[in-house]
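Notes follow once the structure below has been shown.
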């Protein structure tokens, strides 16, 4: 029996069309729009002005707090303007727009391909450097990485868990990264282990990627303390809480962080970024993005500069199909539907999924038949039918009582519901309101 | 280019639907239907067709003329109610009684609460119990299997195993002598349905095939059927051990009357059963215990329908207090 | 005979006993309550709409009785009549508050504001607005999913199917503000009803720059400041590319209405006698 998490879960069709597609380097775009809010936490503060010359990797927006991240220029050229741009949030928000001239990198970045395995930086230096390089969780949650590496006093990290699960259907960015940058990943993992002062790291990989499991196992044998954990193909295996449960059989109590059970989770993509930041002095300004979909003529994985407009990636993957009905930033389960193909790629964009018109629409909503399938699939052991009803009726105290804040918004309930009810829509609404009420109470 | 659709995640759906589930249950009932047609022939056919058609008609008529809402008869739930109602009636029931039963099942049991999803009680059982209380004579005349194949109202009737047992014990006879009674079918005959009873409840084997189908298609989970059957087996087993001549054994109880039909198809009705697995087990045990209490100590020879309706009434309470096990609720001690 | 007698006596004794116990319990746990609270509550409309800022009419009545100065308290539903009646009960004076009415500040009809995406989520403005700016190019405008209509307890709103916008039935509106709270985009505003229900307002809350606003919606305020310049009473202010008319300063001269290049400024209930005048009329002020 393969390891998996304890409660619920679903298995949507995997549709990994772009699996095995080598990572292509997307040409540097003529103009990039770099949003200043592309991570969880406070938006960054621009440190460049209109007309400034910038180089690749130069700091253009500074972190404004502990939970915030630096942003570096993904291209070289001139700052065209700082203006409001429609981004993945669906609203216009502030972004730094740079017109590209050439591709001149900051001199301090080591652009050679050589693998540097010797780790000279001290743990404190690593955490500091990761923060400076603007590294955020590349799995999609975009939580600043240095925050997770700073273990709060009184807590002890026992194990580092790396998320190579990629449980979202369609997406293959992490899979391909493991196949091509395995060595960098191993060194990055060692760096993180050093920073966290742990001697054990587990890389969780879903069993639908046997090539990646084999490749990573071969590599891991060369590095001390790193083991590979094949996991059952089950969504949401890549959820932080579910992954910890699956790998080390510990469940994070309600409202607590992974460190409570002695674990820190990072995405495998993040380890490559950490490797590059520490060993090559390269801040985070590009990432692998999967462009895929049933009608996409050339599903691909692209190494893309942050701020590249989406349509440029879509063009490179064979253009927007005729029957396009929906464009999603991320995977089909948790990704965000976009209202325009002009929004820029950010640090958190793991994929661009183009869905045909036929399957873009939701099924017709019917009355709840109390089939209890949503309860069965909820990986957090909640009662989605109830949470959605009390949220719709604005009974916030009941919603809080029923632990609405535990919901990880994985979407398994809406996915399963035979009556096609938008359970998660209402639960999200409830979470927003209950969260606001709880925060105002603690003030 | 088309206008892009924007909706909150998730953007894919399992493709499951109310219709698929309802028709899945109907398919699961096909073996039992075949068995009832084989044993009760003409009568079973007339009862089933009348009940299904009148249930569908009443739902359509109520939605069209009274509620003035969109008709939902195509989702299969009304047909399913009709089928289950037919399975719970003797195959020699006059058509007018069946129609009254269907009207009560759909009109009072289902639509008066707001239609599918809102009825606290299993509509088919509401109809059945209404008929049982209103027409006790007609509802307890059971045609003999095989012999009544070509008959409807004129079918030769006989006692059910449960009533033989109940009356026999009341007259001071012992279980072992009753098991060898002339009219008492053997355990094997009971398993394959060669006994008197409601049209669809007699063939345990056919009902079990339906259960396996529903489990494989993930239409229901194992909790309710196993809890009902298990608790009846345990409870009657204990009674049987205490006094074998006074109380019949578990196999007899499981294979007679409506236990199999009730446990597999009636108690598992989505709308009127609890949501959490733990709650389902409590609900199932409740049904099992009440059934045995009615059968062994009560006035009626059979109690499955009453037991299910009573436990239906407890479902809101069970749902309120029995919650699914939450993630991280009991933090496991460190093992790694 | 005996049985009947015993029954009557025993039940009688039981009843008397219960009555005595109840009497003493009621005495012991009696809570003194100002009788005026009941009187005030009686005078209130009993709509329990919450428009006054209290959870219900009773709570408002309590607050009125307790407060020394009731000038901050106002029942928008009952209006001046109710307030003077309640004030009379308490022997206090109350200044008549201006009657207000809810106003929808968006004119993004299907024609004015073409849809560029399709929303396919739960029918809730709050959910839609947390997802994105809306199915048109304007991220401030009405989403048309009718959360305000659902919030209205007085049957004073409906969704116009042609325009996709909510419409307020002035005669029913009690200015309780439920729709204002319900709207996640802050489109609805309570404004002074005005003499003879005549009023002028900017029917737009788009803060985009002129070009972008105009591209998204042909009826958008583009922040050109023409109205601000022409207004003789300094009632109009343009901030964030958006004009706002202060209803306390506006003298209803209607100069701005004629001046607005996008017809974003609306006037209602002005002659020529039409129930609602959508287009500006070439006519001098009275």
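Residue numbers (the numbering used here), protein chains in the order written: chain A, 1 to 443; chain B, 444 to 779; chain C, 780 to 1065. Just so you know, even glycine gets a beta-carbon here, dropped at the ideal spot from N, CA and C. Source: prediction; values computed, not measured.
In the structure shown, residue 806 of chain C adopts helical secondary structure according to DSSP, grouped into three states.
In summary, residue 973 of chain C is buried, with 16 or more beta-carbon neighbours lying within 10 Å of its beta-carbon over all protein chains present.
With respect to chain A, the C-beta atom of residue 965 of chain C has no partner C-beta closer than 8 Å. For residue 129 of chain A, the enclosing alpha helix (DSSP H) stretches over residues 123-132. In chain order, 910, 911, 912 make up the part of chain C whose C-beta sits under 7 Å from the C-beta of residue 90 of chain A. Restricted to the stretch 92-123 of chain A, the beta strand (DSSP E) segments that are unbroken, complete and at least 3 residues in length are 92-100, listed in chain order.
In this structure, the alpha-carbon of residue 700 of chain B lies about 24 Å from that of residue 521 of chain B. The Cβ of residue 524 of chain B sits no closer than 8 Å to any Cβ of chain A. Take residue 487 of chain B, set aside five residues on each side of it, and the residues of its chain with a beta-carbon closer than 6 Å to its own are 479, 480, 534, 642, in chain order. Relative to residue 860 of chain C, the option among C:938, C:824, C:1040 whose CA is nearest is C:824. Under the 8 Å criterion on CB atoms, residue 719 of chain B is classed as interfacial with respect to chain A. The beta carbon of residue 908 of chain C sits closer than 7 Å to the beta carbons of 922, 963, 964 from its chain, once the five residues preceding and following it are set aside; these are given in chain order. Three or more beta-carbon pairs separated by less than 8 Å are not found between the stretch 424-433 of chain A and the stretch 335-343 of chain A, which leaves the two stretches without contact. Distance from the CA atom of residue 278 of chain A to the CA atom of residue 93 of chain A, rounded to whole angstroms, is 31 Å.
Of all C-beta pairs linking the stretch 714-726 of chain B to the stretch 750-766 of chain B, three or more are shorter than 8 Å, placing the two stretches in contact.
Taking 8 Å as the cut-off, the beta carbon of residue 931 of chain C is found no closer than this to the beta carbon of residue 829 of chain C.
In this structure, the CA atom of residue 260 of chain A is about 37 Å from the CA atom of residue 18 of chain A. Along the stretch 446-466 of chain B, going in chain order, the ones with a CB nearer than 8 Å to a CB of chain C are 446, 447, 448, 449, 450, 451. Out of A:329, A:283, A:281, A:270, the CA that lies nearest to the CA of residue 293 of chain A is found in A:329.
In the DSSP assignment, residue 611 of chain B falls within the unbroken alpha helix (DSSP H) covering 604-613. For the stretch 888-900 of chain C, the residues whose beta carbon sits under 9 Å from a beta carbon of chain A are, in order, 895, 896, 897, 899, 900. Residue 35 of chain A and residue 5 of chain A have their C-alpha atoms roughly 36 Å apart. DSSP, read as helix, strand or coil, puts residue 215 of chain A in helix. Counting every other CB atom within 10 Å of its CB across the protein chains shown gives residue 33 of chain A a total of 16 or more, marking it as buried.
Within the same chain, 855, 954, 969, 970, 971, 972 come within 7 Å of residue 879 of chain C by CB-CB distance, once the 5 residues on both sides are set aside.
Spatial neighbours of residue 15 of chain A in its own chain (CB-CB distance under 6 Å, excluding positions within 5 residues in sequence) are listed in chain order as 169, 170. In terms of CA proximity to residue 446 of chain B, C:916 leads the group C:916, C:984, C:838, C:812. Nearest Cα to residue 65 of chain A within the set A:43, A:369, A:276: A:43. Only those residues of the stretch 404-438 of chain A whose C-beta falls short of 8 Å from the nearest C-beta of chain C are listed: 422, 425, 426, 428, 429, 432. Separation of the CB atoms of residue 80 of chain A and residue 60 of chain A is rounded to 12 Å, and the pair is thereby denied contact status at 8 Å. Put simply, the backbone Cα of residue 559 of chain B is about 12 Å away from that of residue 551 of chain B. Restricting attention to C:950, C:897, C:1049, the CA atom closest to the CA of residue 360 of chain A is found in C:897. Between the alpha carbons of residue 527 of chain B and residue 536 of chain B lies a distance of about 15 Å. For residue 357 of chain A, at least one C-beta of chain B is nearer than 8 Å to its own C-beta.
Between the alpha carbons of residue 213 of chain A and residue 228 of chain A lies a gap of roughly 7 Å. When 7 Å is used as the limit between beta carbons, residue 746 of chain B is near no residue of chain A, the shortest such separation being about 25 Å.
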